[in-house]
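So the structure is just underneath, and the comments pick up after that.
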Amino acid sequence: MSILKVARLGHPVLRRPAQPVSPRELRSPAIQRLIDDMIETMREYDGVGIAAPQVHEPLQIACLRVRDNPRYPRAPRIPLTVLVNPTITPLSSESDDDWEGCLSIPDLRGVVPRFGRIRVVALDRKGRRRAFIAGGFHARVIQHEYDHLQGRVYLDRMRDFVSLAYVTELMKKR
Ligand code: NI
0 MSILKVARLG HPVLRRPAQP VSPRELRSPA IQRLIDDMIE TMREYDGVGI
50 AAPQVHEPLQ IACLRVRDNP RYPRAPRIPL TVLVNPTITP LSSESDDDWE
100 GCLSIPDLRG VVPRFGRIRV VALDRKGRRR AFIAGGFHAR VIQHEYDHLQ
150 GRVYLDRMRD FVSLAYVTEL MKKR
């Protein structure tokens with residue numbers, strides 16, 4: 000496994016919609032290795048999620064996992080999940096505001112509105128169809144990663160930029 004280079008804001012791969020992955024492609028050693036490398040890269044940089052465009056691959060693959068994460072110390076645990084060709088449907092019209100960051104936009108955080116509950120349909124890494132309902136922080140991470148697959152970043156979802164801040168400044172007690 001390898002740690003991959005993470006694309007940063009300004010690289011065009013982050014702004015292009017990613018392509019769906021066919022079941023045959025998904026079974027290929029190259030894609031299985033990409034998924035392993037994405038997971039390793041996410042762990043190395045303490046991400047709670049990573050999308051393939053963030054490692055310069057314009058494919059509809061995202062990984063998430065939350066477990067004792069120093070970047071999100073209060074976040075609930077999320078088991079390691081691989082979402083391929085995901086679709087999401089909001090189950091509530093209300094949105095919740097909370098902080099987000101992104102490995103492609105280092106050192107910054109901003110308050111982003113997200114749907115509180117969503118239905119997710121995706122393939123897992125073995126090509127099996129998975130459908131589930133996610134809420135709260137779990138739903139937030141999925142919506143953030145889903146956006147990456149559409150060529151969007153969390154800044155696009157912010158209502159305004161008043162909250163946008165460097166993490167080191169947010170940590171200071173004033
Ligand atoms: Ni991100």
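Numbering that gives the first Met the number 0 puts the sequence shown at residues 0 to 173. Glycine is no exception: its CB is placed at the ideal position from the N, C-alpha and C atoms. Note that the coordinates shown come from a computational prediction; the quantities given were computed from them, not determined experimentally.
### Task
Classify V166 as buried or exposed, calling it buried when 16 or more other Cβ atoms lie within 10 Å of its own Cβ.
For V166, the number of other beta carbons within 10 angstroms of its own is below 16, and it is reported as exposed.
### Task
Measure the C-alpha to C-alpha separation of V12 and R26 and round it to an integer number of angstroms.
The C-alpha of V12 lies about 24 Å from the C-alpha of R26.
### Query
Taking the Cβ atom as the reference point for each residue, do A138 and F114 lie within a distance shorter than 8 Å?
Their beta carbons are under 8 Å apart, which means A138 touches F114 by this criterion.
### Query
Around the C-beta of R109, are 16 or more other C-beta atoms found within 10 angstroms, so that it is buried, or is it exposed?
The sequence given here places Gly at residue 109; Arg does not occur at that position. Buried, by the Cβ-count rule.
### Query
Cα-Cα, which of G100, A6, D106 and L63 is closest to E168?
Closest by alpha carbon: D106.
### Task
Pull up the distance between the alpha-carbon of Q31 and that of Y145, whole angstroms please.
Spanning the two alpha carbons is a distance of roughly 20 Å.
### Query
For R118, does the three-state DSSP call read helix, strand or coil?
Strand at R118.
### Message
For V111, list the residues DSSP reports as bridge partners.
### Response
D97.
#### Entry: N- and C-terminal bounds of the alpha helix (DSSP H) containing G135
DSSP places G135 in the uninterrupted alpha helix (DSSP H) bounded by G135 to L148.
### Task
Quick one: using the 10 Å Cβ neighbour count with 16 as the cut-off for buried, is F136 buried or exposed?
By the C-beta density criterion, F136 is buried, having at least 16 other C-beta atoms within 10 angstroms.
### Message
Cutting at 7 Å between CB atoms, please list the residues of its own chain near G46, excluding the five before and the five after it.
### Response
The answer, listed in chain order, is L102.
### Query
By Cβ distance below 7 Å, which residues in the same chain neighbour L8 in space, the five residues on each side in sequence not counted?
The residues are S103, I104 and V152.
### Task
Would you kindly work out how many angstroms separate the C-alpha atoms of G150 and L58, rounded to a whole number?
Cα to Cα, the separation comes out at about 11 Å.
### Query
Is the segment 50-67 in contact with the segment 87-95, if contact means three or more CB pairs nearer than 8 Å?
These segments do not touch.
### Task
Determine the burial state of P52: buried for a count of at least 16 other Cβ atoms within 10 Å of its Cβ, exposed for fewer.
With 16 or more Cβ atoms within 10 Å of its Cβ, P52 is classed as buried.
### Query
Is P85 closer than 8 Å to V120 when the C-beta atoms are compared?
Contact check for V120 against P85 passes: the beta carbons are separated by less than 8 Å.
### Task
Please look up how many angstroms separate the CB atoms of I49 and V81, rounded, as I've assumed it's under 8 Å.
Going by Cβ atoms, the distance from I49 to V81 rounds to 10 Å, so no, they are not a contact pair.
### Message
Could you tell me the alpha carbon to alpha carbon distance between A6 and A17, rounded to whole angstroms?
### Response
For A6 and A17, the distance between alpha carbons rounds to 14 Å.
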